[in-house]
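J.: Sharing a structure here in structure tokens format.
Numbering (our numbering), first residue to last: 1 to 111.
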């Protein structure tokens with residue numbers, strides 16, 4: 001299984017709303033499977049199935065130790081796993097672009 005862990009990074013305005021903005025932006029991107037599919041180079045049906053199936057994308061508010069995060073998972077054997085990984089990376093790129101437009105950086109780690 002491949003997992004990506006996203007958190008709010010250094011941001012410029014310090015408004016304190018960055019977590020809510022991140023969570024709202026996750027939902028905005030999740031609701032646009034065509035955009036994610038195009039970015040990933042896969043069909044829209046695969047994108048929709050991945051984006052809307054739990055636990056592919058999980059918002060973890062205040063866990064652990066009061067830290068919030070967004071977690072994306074890609075598991076399973078080939079060829080499905082490769083498609084899920086492409087979709088996860090495309091999702092992250094779109095999320096980073098949207099957050100950068102609002103001058104908010106996010107940290108991404110993969111394991």
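Heads up, the beta-carbon is just placed ideally off N, CA and C, and yes, glycines get one too. Treat the numbers as computed from the prediction; the structure is a model and nothing was measured.
Which first and last residues belong to the beta strand (DSSP E) in which residue 52 is found?
T.: What you label residue 52 is simply residue 52 of the chain shown in a count that begins at 1. Per DSSP, residue 52 belongs to no beta strand (DSSP E) and is neither H nor E.
J.: At which residues does the beta strand (DSSP E) containing residue 56 begin and terminate?
T.: If you number the chain shown from 1, residue 56 lands on position 56. It is not in any beta strand (DSSP E) - residue 56 carries neither H nor E in the DSSP assignment.
J.: So, using beta-carbon positions, are residue 4 and residue 110 closer together than 9 Å?
T.: What you label residue 4 is simply residue 4 of the chain shown in a count that begins at 1. What you label residue 110 is simply residue 110 of the chain shown in a count that begins at 1. Result yes, Cβ atoms of residue 4 and residue 110 sit closer than 9 Å.
J.: Could you tell me whether the Cβ atoms of residue 92 and residue 21 are closer together than 9 Å?
T.: Your numbering for residue 92 matches position 92 in the chain shown. Your numbering for residue 21 matches position 21 in the chain shown. No. Outside cutoff.
J.: Taking DSSP's pairing of strands, which residues face residue 74 in a bridge?
T.: In the chain shown, the residue the question calls residue 74 occupies position 74. According to DSSP, which records beta bridges pairwise, residue 74 is partnered with 2.
J.: Beta carbon of residue 55, beta carbon of residue 71: below 9 Å?
T.: Mapped onto the chain shown, residue 55 falls at position 55. Mapped onto the chain shown, residue 71 falls at position 71. In this structure, residue 71 lies closer than 9 Å to residue 55 by Cβ.
J.: Let me know the secondary structure DSSP gives residue 111 once reduced to three states.
T.: Position 111 of the chain shown, counted from the start, is the residue given in the question as residue 111. Residue 111 falls in the coil class under three-state DSSP.
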